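Engineer: Chains A and B, in that order, give the protein sequences.
With the first sequence counted from 1, adding 1286 to any position gets you this note's numbering.
With the second sequence counted from 1, adding 1286 to any position gets you this note's numbering.
Heads up, the beta-carbon is just placed ideally off N, CA and C, and yes, glycines get one too.
Nothing here was measured: the structure is a model prediction, and the numbers come from that model.
There are 2 protein chains.
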Amino acid sequence: MIDKDEVKDSIIGVARQIFCKFGFRKTTMDEIAQAVRKGKSSIYYYFSSKEDIFQAVVEKEAALLNSALMKAISEADDPREKLKSYVLVRMRTISELANFYNAIKSEYLSHLEFIDQIRMKYDKNEIQVVEDILRKGVENNEFCIEDTSLAAIAIVTALKGMEIPMFWEKDAEEGIEQRLDSLINFLFYGIIKR
Amino acid sequence: MIDKDEVKDSIIGVARQIFCKFGFRKTTMDEIAQAVRKGKSSIYYYFSSKEDIFQAVVEKEAALLNSALMKAISEADDPREKLKSYVLVRMRTISELANFYNAIKSEYLSHLEFIDQIRMKYDKNEIQVVEDILRKGVENNEFCIEDTSLAAIAIVTALKGMEIPMFWEKDAEEGIEQRLDSLINFLFYGIIKR
DNA sequence: TTTTTTTCGAATTATTTGGTCGAATGGTCG
DNA sequence: CGACCATTCGACCAAATAATTCGAAAAAAA
Chain A
1287 MIDKDEVKDS IIGVARQIFC KFGFRKTTMD EIAQAVRKGK SSIYYYFSSK
1337 EDIFQAVVEK EAALLNSALM KAISEADDPR EKLKSYVLVR MRTISELANF
1387 YNAIKSEYLS HLEFIDQIRM KYDKNEIQVV EDILRKGVEN NEFCIEDTSL
1437 AAIAIVTALK GMEIPMFWEK DAEEGIEQRL DSLINFLFYG IIKR
Chain B
1287 MIDKDEVKDS IIGVARQIFC KFGFRKTTMD EIAQAVRKGK SSIYYYFSSK
1337 EDIFQAVVEK EAALLNSALM KAISEADDPR EKLKSYVLVR MRTISELANF
1387 YNAIKSEYLS HLEFIDQIRM KYDKNEIQVV EDILRKGVEN NEFCIEDTSL
1437 AAIAIVTALK GMEIPMFWEK DAEEGIEQRL DSLINFLFYG IIKR
């Protein structure tokens, strides 16, 4: 017998590719089915709808980013390093996932609220994590921040700001490192105790 | 009043991009219309159908290749150079147009016979041009060929062989120069009088 | 064999899309 | 101005396509 989750995973993987290429609308169940070498109807044995598949893909992407962040943070030790590593890894990973986000953006997919829901879920998590780092930094006397909660939100928001479509359009490769540096500098100048 | 041909050209240009990205099937008239900032029905004022637009795009691509070839040939002087330049420019231009051909291939577009027709039309032209080069080369005693007509067909066919989809898949950039060299060598060894 | 899991073809329904048409809009020229 | 083109567009339709359902057939497990 086959592991159902394995099949689901392979569908998610394949679907991701096709979504990347054509976006949500232009991706058909037939294409997904053919790509995993199954009948169209078989897909419905694993997922209840096209939207369901898409949701799974988004969830997986978000989880991927999340685990990359967690790993990066856990590997650095002092708060300053943690924060730096967090920012760097976040941008790098997002950059890798850019394909997918590109595919999504522009499509009038906003009415699929679950995307926002998933994002929000992970956002809260992210903000919490960043806040923890900040708080520890304050305790260690490395950062001077009045309201760590607000600061965390600001940082995550700033990083999200770099995800805006425009950013990924053309300059990608070259511009990214510079922007990262300047962003990190900016954050640190305002945060680090001098 | 606007120049009708200008508008047509802009439609062709925009349509080309979208065809490239999504292929014929997945490209909708609405998209094309939106991209040129017109109503869908307005497009039909300039073109009679989606196929008609596509045909125009193909025609333009073919014409582009053709004029590139003519220019290259006219700039070289002796037959040997002409032939070499022809081969090089052909491959280079095709490489640039690869995007478009990629978009077309794989789609079951073969039932649109006009593609074959256009190709054939330009093929005949190309074969004729090559044959002229060869014949001059023979006159100049640079080439030794029994049947220039057959040889021309062979050469054009050989070059077309390099257009097969597989070729463009992955190795593109690196492999192309080598292949070109070897192809040219191959042609010349069999043709040039030693 | 019986039962359960998995697949699929055919049918159904919902949505999309190519294409038409007549009515606007707007500029041109007498 | 008003008659006359050129151009645009919204509303509409039929055909195509796509999502989803369903029952039955394989395949696997028990």
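In the structure shown, what three-state DSSP assignment does B:Phe1340 receive?
Structural biologist: Taking the second sequence and counting its residues from 1, one reaches residue 1340 of chain B at position 54. Of the three classes helix, strand and coil, the one that applies to B:Phe1340 here is helix, per DSSP.
Engineer: Rounded to a whole number of angstroms, what is the C-alpha to C-alpha distance between A:Val1322 and A:Tyr1331?
Structural biologist: As a first step, residue 1322 of chain A must be located in the first sequence, where it is residue number 36. As a first step, residue 1331 of chain A must be located in the first sequence, where it is residue number 45. For A:Val1322 and A:Tyr1331, the distance between alpha carbons rounds to 13 Å.
Engineer: Nearest-angstrom Cα distance between A:Asp1316 and A:Gly1325?
Structural biologist: Locating residue 1316 of chain A in the first sequence gives position 30, where the first residue counts as 1. Locating residue 1325 of chain A in the first sequence gives position 39, where the first residue counts as 1. Annotation: A:Asp1316 to A:Gly1325 spans about 8 Å, alpha carbon to alpha carbon.
Engineer: Output the distance between the C-alpha atoms of A:Phe1310 and B:Ser1334, rounded to the nearest integer angstrom.
Structural biologist: In the first sequence, residue 1310 of chain A corresponds to position 24, counting from 1. In the second sequence, residue 1334 of chain B corresponds to position 48, counting from 1. It is roughly 29 Å from the alpha-carbon of A:Phe1310 to the alpha-carbon of B:Ser1334.
Engineer: Starting from A:Arg1311, trace the alpha helix (DSSP H) both ways and give me its first and last residue.
Structural biologist: Here the question's residue 1311 of chain A lines up with position 25 in the first sequence. Element bounds for A:Arg1311: Lys1290 to Lys1312.
Engineer: Assign B:Phe1429 to one of three DSSP states: helix, strand, or coil.
Structural biologist: Your numbering for residue 1429 of chain B matches position 143 in the second sequence. B:Phe1429: strand per DSSP, three-state reduction.
Engineer: Can you tell me where the alpha helix (DSSP H) with A:Lys1326 in it begins and where it stops?
Structural biologist: One-based indexing of the first sequence puts residue 1326 of chain A at position 40. Run containing A:Lys1326: Lys1326 to Tyr1332, per the alpha helix (DSSP H) assignment.
Engineer: Cα separation between B:Arg1376 and B:Arg1302?
Structural biologist: Taking the first residue of the second sequence as 1, we reach residue 1376 of chain B at position 90. Taking the first residue of the second sequence as 1, we reach residue 1302 of chain B at position 16. Their backbone Cα atoms lie some 20 Å apart in a straight line.
Engineer: For A:Ile1298, which of A:Lys1336, A:Leu1369 and A:Ala1384 has the nearest alpha-carbon?
Structural biologist: On the first sequence, residue 1298 of chain A is found 12 positions in, with the first residue counted as 1. Nearest option by C-alpha distance: A:Lys1336.
Engineer: Could you give the C-beta distance for A:Lys1368 and A:Ile1380, rounded to a whole number, given that I count them as a contact under 8 Å?
Structural biologist: Reading the first sequence from its first residue, position 82 is the one you call residue 1368 of chain A. Reading the first sequence from its first residue, position 94 is the one you call residue 1380 of chain A. Not quite, the Cβ-Cβ distance comes to about 18 Å (not below 8 Å), so this is no contact.
Engineer: Quick check on the burial criterion: 16 or more other C-beta atoms within 10 angstroms. Buried or exposed for B:Thr1443?
Structural biologist: Translated into the one-based positions of the second sequence, residue 1443 of chain B becomes position 157. Result: exposed.
Engineer: What's the C-alpha gap between A:Asp1363 and A:Glu1412?
Structural biologist: Your numbering for residue 1363 of chain A matches position 77 in the first sequence. Your numbering for residue 1412 of chain A matches position 126 in the first sequence. C-alpha separation (whole angstroms): 18 Å.
Engineer: May I have the straight-line CA-CA distance separating B:Ser1296 from B:Val1343, to the nearest angstrom?
Structural biologist: For the purposes of this step, residue 1296 of chain B is taken as residue 10 along the second sequence, with counting starting at 1. For the purposes of this step, residue 1343 of chain B is taken as residue 57 along the second sequence, with counting starting at 1. Distance between the alpha carbons of B:Ser1296 and B:Val1343: 11 Å.
Engineer: Could you say which of A:Lys1290, A:Tyr1408 and A:Val1415 lies nearest to A:Ala1348 if we only look at CA atoms?
Structural biologist: The residue given as residue 1348 of chain A occupies position 62 in the first sequence. If we check each option's Cα against that of A:Ala1348, A:Tyr1408 comes out closest.
Engineer: In three-state DSSP terms, what is B:Ser1335?
Structural biologist: To locate residue 1335 of chain B, count along the second sequence from 1; it is residue 49. Note: B:Ser1335 maps to coil in three-state DSSP.
Engineer: Considering only the beta carbon of each residue, do B:Val1300 and B:Ile1329 sit closer than 8 Å?
Structural biologist: As a position in the second sequence, residue 1300 of chain B is number 14, starting the count at 1. As a position in the second sequence, residue 1329 of chain B is number 43, starting the count at 1. With contacts defined as CB atoms closer than 8 Å, B:Val1300 and B:Ile1329 fail to qualify as a contacting pair.
Engineer: Quick one: grab the DSSP three-state call for A:Ala1384.
Structural biologist: Numbered from 1 along the first sequence, position 98 holds the residue referred to as residue 1384 of chain A. Looking at A:Ala1384 - three-state DSSP - the assignment turns out to be helix.
Engineer: Ordered along the chain, which non-local residues of its own chain (more than five positions away) have a Cβ less than 6 Å from that of A:Arg1378?
Structural biologist: Mapped onto the first sequence, residue 1378 of chain A falls at position 92. So the list is empty, once near-sequence residues are dropped.
Engineer: So is B:Phe1429 buried or exposed if we call it buried at 16+ other beta carbons inside 10 Å?
Structural biologist: By 1-based counting over the second sequence, the position of residue 1429 of chain B is 143. Under this definition B:Phe1429 is a buried residue.
Engineer: What's the C-alpha gap between B:Ala1437 and B:Arg1421?
Structural biologist: Start at 1 with the first residue of the second sequence, and residue 1437 of chain B comes out as number 151. Start at 1 with the first residue of the second sequence, and residue 1421 of chain B comes out as number 135. Those two C-alpha atoms are separated by around 10 Å.
Engineer: Can you tell me where the alpha helix (DSSP H) holding B:Ala1362 begins and where it ends?
Structural biologist: One-based indexing of the second sequence puts residue 1362 of chain B at position 76. Note, B:Ala1362: premise wrong, no alpha helix (DSSP H); not H, not E.
Engineer: Beta-carbon within less than 6 Å of A:Phe1400's beta-carbon, same chain only, minus the 5 sequence neighbours each way: which residues are those?
Structural biologist: For the purposes of this step, residue 1400 of chain A is identified with residue 114 of the first sequence, where counting begins at 1. Around A:Phe1400: Gln1341.
Engineer: Tell whether a beta-carbon distance below 8 Å holds between A:Lys1312 and B:Phe1308.
Structural biologist: If you number the first sequence from 1, residue 1312 of chain A lands on position 26. If you number the second sequence from 1, residue 1308 of chain B lands on position 22. Yes, Cβ-Cβ distance for A:Lys1312 and B:Phe1308 is below 8 Å.
Engineer: Can you give me the C-alpha to C-alpha distance between B:Lys1346 and A:Met1406, rounded to a whole angstrom?
Structural biologist: The residue given as residue 1346 of chain B occupies position 60 in the second sequence. The residue given as residue 1406 of chain A occupies position 120 in the first sequence. So the alpha carbons of these two residues sit roughly 48 Å apart.
Engineer: Grouping DSSP H, G and I as helix and E and B as strand, with all else coil, what is B:Val1442?
Structural biologist: If you number the second sequence from 1, residue 1442 of chain B lands on position 156. DSSP places B:Val1442 in helix when its eight states are reduced to three.
Engineer: What's the C-alpha gap between A:Asn1426 and A:Pro1365?
Structural biologist: Position 140 of the first sequence, counted from the start, is the residue given in the question as residue 1426 of chain A. Position 79 of the first sequence, counted from the start, is the residue given in the question as residue 1365 of chain A. About 8 Å.
Engineer: Skipping 5 residues on each side, what residues in its chain have a beta carbon closer than 6 Å to that of A:Ile1419?
Structural biologist: In the first sequence, counting from the first residue as 1, residue 1419 of chain A sits at position 133. The residues are Pro1365, Lys1368 and Leu1369.
Engineer: Short of 8 Å in beta carbon distance, which residues of its chain neighbour B:Phe1386, apart from the five on each side in sequence? Order them along the chain.
Structural biologist: Indexing the second sequence from 1 puts residue 1386 of chain B at position 100. The answer, listed in chain order, is Arg1302, Phe1305, Cys1306, Val1343 and Glu1347.
Engineer: Going along the chain, which residues of its own chain have a beta-carbon closer than 8 Å to the beta-carbon of A:Glu1417, five neighbours each way excluded?
Structural biologist: Translated into the one-based positions of the first sequence, residue 1417 of chain A becomes position 131. Excluding positions up to five away in sequence, the list reads Thr1434, Ser1435, Ala1437 and Ala1438.
Engineer: Can you give the Cα-Cα distance for A:Ile1445 and A:Asp1338, rounded to whole angstroms?
Structural biologist: The residue you call residue 1445 of chain A lines up with position 159 of the first sequence. The residue you call residue 1338 of chain A lines up with position 52 of the first sequence. What sits at residue 1445 of chain A in the sequence shown is Leu, not Ile. One C-alpha to the other measures close to 28 Å.
Engineer: Helix, strand or coil, according to DSSP, for A:Val1322 in the structure here?
Structural biologist: Working through the first sequence from its first residue, we reach residue 1322 of chain A at position 36. Looking at A:Val1322 - three-state DSSP - the assignment turns out to be coil, as it is neither helix nor strand.
Engineer: If the criterion is Cβ atoms closer than 8 Å, does the pair B:Leu1383 and B:Leu1355 meet it?
Structural biologist: Against the second sequence, residue 1383 of chain B aligns to sequence position 97. Against the second sequence, residue 1355 of chain B aligns to sequence position 69. No, the Cβ-Cβ distance between B:Leu1383 and B:Leu1355 is not below 8 Å.
Engineer: Would you decide whether B:Asp1289 is buried or exposed? Buried here means 16 or more other CB atoms lie within 10 Å of its CB.
Structural biologist: On the second sequence, residue 1289 of chain B is found 3 positions in, with the first residue counted as 1. Exposed, by the Cβ-count rule.
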